[in-house]
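**Student:** Chains as they are written, first to last, in this note's numbering: chain A, 1 to 324; chain B, 325 to 648; chain C, 649 to 988; chain D, 989 to 1518.
No residue lacks a Cβ here, since even glycine has one placed at the ideal position from N, Cα and C.
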Amino acid sequence: MLLPVLRRLAEMLFVMLGISVVVFGIFFATPGADPAARIAGRNATPQVLAQVRHSFGFDQPLPVQYAKMMDKLFIKRDLTSFVNRGQKVIPAVIEAAPVTLSLVLGAAVIWVVFGILVGVAAAATRGSLLDRGLMFLSLVGVSMPVFWVGSVANLLTQSRWHNSFLFHWVPGLGYTPLTQDPWMWFKGLVIPWITLAILYIGLYGRVLRANLVEAYQEDYIRTARAKGLSEARIMFRHALRTSLITFVSMFGLDFGALVGGGALLTEVVFNLPGVGRLTYEALQTLDLPFIMATVMYSSVFVVFANAVVDIAYAWLDPRVRNAS
Amino acid sequence: MTPPPLLRIETLSKNFRLGSRFRQGGVQILQALKNVSLDVYPGEVLGLVGESGCGKSTLGRCILRLYEIDSGRILFKNRDISRVGQRALRPLRAEMQMVFQDPYASLNPRRRIGDLIAEPLRVHGTLNEAGVQARLLELMELVNLAPDHLRRYPHEFSGGQRQRIGIARGLALSPSLIVADEPVSALDVSVQAQIINLFMDLQEKFGLTYVFIAHDLSVVRQIATRTAVMYLGGIVELGETDAVLHRPAHPYTAALISAVPELTLDEAKPRIMPQGEPPSPINPPPGCRFHTRCPFAQERCRAEIPALAPGADGRAVACHFPLA
Amino acid sequence: MPEPASASGAAPRAEGPWAEAFRKLRRDRTAMGAVLVLCLIVLACCAAPLYARYVSHTDPFQSNPAGQITIHGQSVDIMQTDSAGLGLGVNPIGPTWHGQYFLGADGQGRDVAARILYGGRNSLIIAFFSTIVTLVLAALVGTVAGFAGGWTDIILARLLDVLWAFPVYLLAISLSIVIISSGLQIGPINIPSNSLLIPIAIIGIVYVPYVARPIRGQVLSLSRSDFVLAARCLGVPGFRILSKDILPNVAPTLIVFAPLMMALNMLTESALSFLSIGVQPPAASWGTIIQDGEGLLYTQPMVAVAPGLAIVITVLALNFLGDGVRDALDPRAKLRVRKD
Amino acid sequence: MARADNHIGGTLRLTAASAAGTLDPQINYTSQFWSLLVLTNDGLLTFKRTSGPDSNTLVPDLAVAIPQPQDGGKTYTFTLRKGIKFSNGQDVTPDDVVASFQRLFKVSSPNAGSWYNVIVGADACLQTPASCTLAGGVVANDSANTVTFHLTQPDPEFLYKLATPFGDVLPPDTPAHDLGTTAAAATGPYMITSYDPQKQLVMQRNPYFKAWSQDAQPPGYVDKIVYNFGAKPEDEVTAVENGDADWMFDAPPPDRLAEMASKYPKQIHINQMLAIYYAAMNVNLPPFNNKDARLAVNYAFNRRAAVNIYGGPRLAVPSCQILPPNFPGYEPYCPYTKTPGTTWTAPDMNKAMQYMKASGQAGQKVTVITDDQNVNPALGTYLVSVLNQLGFKATLKIISGDIEFTYIQNTNNHVQISITDWYQDYPAASDFINVLLSCGSFHPGSDASVNISGFCDKNIDAQIHQALVTAVSDPKAANKQWAQLDREITDQAPWVSMFTPKQLNFVSSRVGNFTFSDQFHLLFSQVWVQ
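#1: Using beta carbons (cut-off 8 Å, strictly below), is Gly767 (chain C) in contact with chain B?
#2: Can you tell me whether Ala1008 (chain D) is buried or exposed, with buried defined as 16 or more other CB within 10 angstroms of its CB?
#3: Less than 8 Å between the C-beta atoms of Tyr817 (chain C) and Leu129 (chain A), yes or no?
#4: Can you list the residues of chain A that Arg806 (chain C) reaches, using a CB-CB cut of under 8 Å?
#5: My guess is that Pro634 (chain B) and Ala642 (chain B) are in contact by the Cβ rule of under 8 Å, so how many angstroms apart are they, rounded?
#6: Determine which residues of the stretch 438-468 of chain B have a Cβ less than 7 Å from any Cβ of chain C, and write them out in chain order.
#7: Along the chain, where does the beta strand (DSSP E) containing Met1486 (chain D) start, and where does it finish?
#8: Tell me the rounded alpha-carbon separation between Ile221 (chain A) and Ala123 (chain A).
#9: Between the stretch 1047-1055 of chain D and the stretch 1190-1205 of chain D, are three or more C-beta pairs nearer than 8 Å?
#10: Any contact of the stretch 490-507 of chain B with the stretch 410-430 of chain B, i.e. 3+ C-beta pairs under 8 Å?
#11: Name the DSSP beta bridge partners of Met1269 (chain D), please?
#12: Along chain A, which residues have their Cβ under 9 Å away from the Cβ of Ala911 (chain C)?
#13: I need the DSSP call for Phe1217 (chain D), collapsed to helix, strand or coil.
#14: Buried or exposed: Leu342 (chain B), going by 16 or more other Cβ atoms within 10 Å of its Cβ?
#15: Just the C-alpha distance for Gln1124 (chain D) and Tyr1148 (chain D), rounded to the nearest angstrom, thanks.
#16: For Gly972 (chain C), would you say it is in contact with chain A, using Cβ-to-Cβ distances shorter than 8 Å as the test?
#17: When you compare only the Cα positions, how much space is there between Ser1461 (chain D) and Asp1143 (chain D)?
#18: Restricting to Cα atoms, I'd like to know which of A:Lys88, A:Pro46, A:Phe28 and A:Val89 is closest to Gln65 (chain A).
#19: Could you say if the stretch 1348-1357 of chain D and the stretch 1310-1323 of chain D meet the contact criterion of at least three C-beta pairs nearer than 8 Å?
#20: So for Arg7 (chain A), helix, strand or coil by DSSP?
#21: Taking contact to mean at least 3 C-beta pairs separated by less than 8 Å, is the stretch 1448-1468 of chain D in contact with the stretch 1406-1418 of chain D?
#22: Please decide whether Lys1187 (chain D) counts as near chain C, where near means a Cβ-Cβ distance under 8 Å.
#23: Should Val738 (chain C) and Asn1493 (chain D) be called a contact, given that it needs their Cβ atoms to be closer than 8 Å?
#24: Per DSSP, what kind of secondary structure is Thr1170 (chain D) in: helix, strand or coil?
#25: Measuring straight from C-alpha to C-alpha, what distance separates Arg986 (chain C) and Val953 (chain C)?
#26: Determine the burial state of Asn432 (chain B): buried for a count of at least 16 other Cβ atoms within 10 Å of its Cβ, exposed for fewer.
#27: For the ligand ATP, is there a heavy atom less than 7 Å away from the beta-carbon of Thr176 (chain A)?
#28: Measure the Cβ-Cβ separation of Ala911 (chain C) and Leu868 (chain C) and say whether it is below 8 Å.
#29: Using the beta-carbon count (16 or more within 10 Å), is Phe251 (chain A) buried or exposed?
#30: With a threshold of 8 Å between beta carbons, is Tyr534 (chain B) in contact with chain C?
#31: Give the residues of chain B in contact with Val884 (chain C), contact being defined as C-beta atoms less than 8 Å apart.
#32: Which one or two residues does DSSP pair with Ile537 (chain B) in a beta bridge?
#33: Which of the three DSSP states, helix, strand or coil, is assigned to Ala1417 (chain D)?
#34: Which residue or residues does DSSP assign as beta-bridge partners of Arg550 (chain B)?
#35: Does Gln716 (chain C) get closer than 8 Å to chain D when you measure Cβ to Cβ?
#36: Tell me the DSSP secondary structure of Lys1326 (chain D) in three-state form.
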């Protein structure tokens, strides 16, 4: 059991090394990204600039700077921002994580529930008008840019219909921590949850339907039907159970990517101070320490989610389990 | 006096590496062939039989250098070809060819039949396009296929027809040696006979030499002049087909024969059933590899590996206590 | 005695797998509907100059924040100063439902309807060519890795892993910010920062792992297949095996990917442009028009809503076409392009 | 003015999209945080804390009085007030002043080399900041409770430079590195008690503060100031409308202005800014090394369009020149309009096309650089369209706001034309003309070359030096010279001046006693919330 864990760790380290080198390289390839000039201020003389460059170590060779940054990020854990000097990077990421987690967890609940509903309803009535309607809507959901859905949702809930009975409860954009006011937390996140979930409801509904329809063609379902089991029982006890395997592995990967910062656009549109927005802002201000930290964080999540999915897959799928 | 062998195999060994250093269980060595020696004489049909997994297909592929061998030598027309590079091997391809077991898998589904059969002619490039077309028609006639089939795709043919296509392709370069790797095992019994007849006709017409691999003794009986029986990566018995089938010297050969009703009907022979499952080639038993399943096994069999020793009527048997 | 060609008995003329797939696709009414919609959109976008010249009579790239137009014989400011309150803020004219400023003006006083047609061109061009880039690169990397094996495979596969663990938008955004601020200098070729090649290359590259990984797997199993073994046995050189036996079998997968990738690329392009790091002004794409409209959401929501609808319709049609192509070519393929 | 005691107390809630970096008063160079730092820290002098033109007058702060220049303007002696304490309980002493100016160099203050290099000993400090003593430059006399500054040459603006937060006096034990997110010990009525740049900054009353001058550092009304970061401007507007915040830092999005103006006209305050929005043309690179090409752009540029983009005529005033209205040395001048004179009326396309033809630059490729903040991309888009109308092949390049300002300065980036702005540091014409357009502020190949046009005219440079010298003794005469320089440089057209902006302050309904200083903007200490 130890070896696969070690292997995963090695893989994670490799991926993180690769990404950090890429990010570091990209950053120093950008003209004007020189942090010394920004730190020195808008009217600094070249002399002052040179001093700032020296005191921050920007005049050292890049590999040395890279090593120092990694040392500060992972070992000393006191890396600070280039833009808001003195601001520690790690606490900021740790503070942003619950926001992203709140957003993604809530959206995940919605998309799992509705994804299953859509998939099951469509598969159970396959070929019918309901099936076609649901599949069409799912594809529409998959085809909408999430930031646009968010903008339109803001237009409706914040402006056009804000004073109507429908949306008067929607608070202004932003995030209220769960610990501070659970009800506000909930109210503020409902619209972002739905916005983020729409795409995945469509995606999961379609995949689940396809799997269910395929499962219906398997021998064991035919046998079950021949035994006279009810349609509902066949659906829930047999077909759904096997179809959920794909569903679970998809879920793991998507969840990992979203928690890792993939919900960036939703966070930007709804002004949620999560990891995605933190990354986006860091990228906009070219704040290398922040970019480094958030990107490292997100790659950990993606690799971690992959590992969990692999293990869950082996555990859920008897074929894989028996083979080993 | 015997003519010089067309093909001589000397103490050939082949291992497969399974798994990876980085995965659970680490690397495992599968000994597919161990110290196999064999001569094939011009114009003969050498049957190669054994259970699946005994290494007969591996041997066939090693002969054609589709697999790299670990030790030993392969001499074709007295020339050592066991270490020749792929490029230098190309002229030799014209002289030795293979017919594959699965006529479905061995034909690229996206290419027309004419294209598939002409491939070796074009690659070896001795004929111009008109010559290629003429040769194609000739080959189609040889394997009893209509010329208009050349424009069709593999999926439009039955299994038997596809095997004829495979044979035509193997014959295209007029080789002197053909390794037929279970060419009929995937076919219906009625079709099997037709294909075997085709093989025999072709041999008669062109004086071909076959190494004919089968897991079924009844097939070997129809076509092979000599038969080699393989068990767990080694040859256990080798001799004239009639002698091997009627007076098996190795308990394993006897066991194989017992499993075929039509061979046991004519003469009352002791029915020998091997005990248990074949052992894993990853972890072969010491001593005589058959001892774990042999009803006659004694202490010596567990300790000492029997050599393939020449016996009566030009036969060789690898057994401490041969039956005949 | 020749066997009767039983399987071929039904079809009098030999039909290859491509022809068969094409026939199936043509019978798929949804897919054909999607093709029709796409054709209409492409035609409309191609006709953008005609619309600008003969219908809207404006140059959609010329800012006009101090201009006027004539409606019902009256001269109206394109940018209208608020006359009711303190006279703060200047709002672009809303939809006139006339030829001119049919969907209203944007913050620069430009005709939104004409810009959507022009923007569609860029959105379509970027989505299309970045798909080509992805498929070509993925096919290259995937086949080389899968076919060559050994160290080449290990290095390429690890590289794909690294890219894969990088959330797509993060990678795309970091590349865009850098390249757009500097332009791209590759040897003697200098690509300016407003070139469409930049979003094309970025979007094309970030999705390579998602296509290259399955392609590599497919090539790996193909190169172990009997028919490749047979070809090697016949002495066919490696390159010829690759081009004649492996690539034609990978091609259907690539083609199935194509419309789905194009849909995805269109969404990615719009997202990058929305974040102002895709198509650079004054050029337009549907994403940049949404971004322009974001600042006018409260007063002129049409500026953001209309291009969004255009994206939804186009992407929807591409997805329907993608489904149709998959059913026709490779019904058992379980393709899923990741989105996040 | 008597203090309105019944308005004392409460919490003032401010909101902004983002924080403005370090709390170190000797490093931070943003107007956003200067408004806070003037409440916490004091220098020897400051600008009068009041509304209107009076807010540009110097008043003594930690010093008892504004000293008369001695030694031909090379020596200033300040006497310190007694009894002022830091928020850590220590007394403010002459030695603290010396230590603070040493620290200015030790922490590489942005303007150490450009503003304070006139102090004797500054050169050595700039060479090796760690061992900075300013020996002979800043001299403390504890018994007399005075500090004397010795300058290498007269500097008419030296006193202004002491009145900005860079000149704040800090305790001598303040670490000699950027304080970052921790605040220095305060002398003012408030002190910063917590700061998280992603979230919030909190200011509370300084327990050691005792009012010493209503003009320099009046005591505050509110008990607490909470500054929240991270909301988008749209949300800031909503928050102020709903009374969830009292003031927003960012400019309201243009599509909300009409709504704000019609529903909450009483909560809107519009204040003139001493600033200019302009497009800097690089006079050393084609096509704008050609004066005719620069003139063509100036005649063609429709300032009303730019004003409309910025938010309409109530929020910006068209401009053709360098200095903003109501600034020392300002005399209205506009040659680039239909009827040249003092004010801009309409673009003159005919003249523009004539100059364009004369320049022979039609068809030249031009890249307009702008940052991604507020209206700047829209202004850039408009400028591109004007250039294209003239016959250039113009494109726009939008660069992150954090790097644009340094990017356009560095000649290595070959920027042809860029959109930027300049807000005054102190009320002296040289802060525009000398800082932005003299040879001394042009450093090829450096990110720190604030003369973005690269404009260096020997004759004009000589006049600038003349004006600087005159200013030491006769500010009035100097302002005449600056006005003349303003016209001469405008005629050379290194810039396309667009407009001077006004600031729209949107406050909640409960905010009273709105006091807006030209120097430090809304004076939070003077605001009533109850």
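**Tutor:** This is what the structure holds:
#1: no
#2: buried
#3: no
#4: Phe14 and Gly18
#5: The pair is not a contact, with the Cβ atoms about 11 Å apart (cut-off 8 Å).
#6: Glu443, Pro444, Val447, His448 and Asn468
#7: Trp1483 to Phe1494
#8: 14 Å
#9: yes
#10: yes
#11: D:Ile1405
#12: Val142 and Ser143
#13: strand
#14: exposed
#15: Residue 1124 (chain D) is actually Gly in this sequence, not Gln. Those two C-alpha atoms are separated by around 21 Å.
#16: no
#17: 10 Å
#18: A:Phe28
#19: no
#20: helix
#21: yes
#22: no
#23: no
#24: coil
#25: Here the model assigns Arg986 (chain C) a pLDDT of 40, short of 50, so the residue's position is not dependable and the matter cannot be decided.
#26: buried
#27: Judged by which ligands are present, the structure shown has none, so any question about the ligand ATP falls away.
#28: no
#29: buried
#30: no
#31: Glu443, Pro444 and Val447
#32: B:Leu372 and B:Asp505
#33: coil
#34: B:Leu370 and B:Glu564
#35: no
#36: coil
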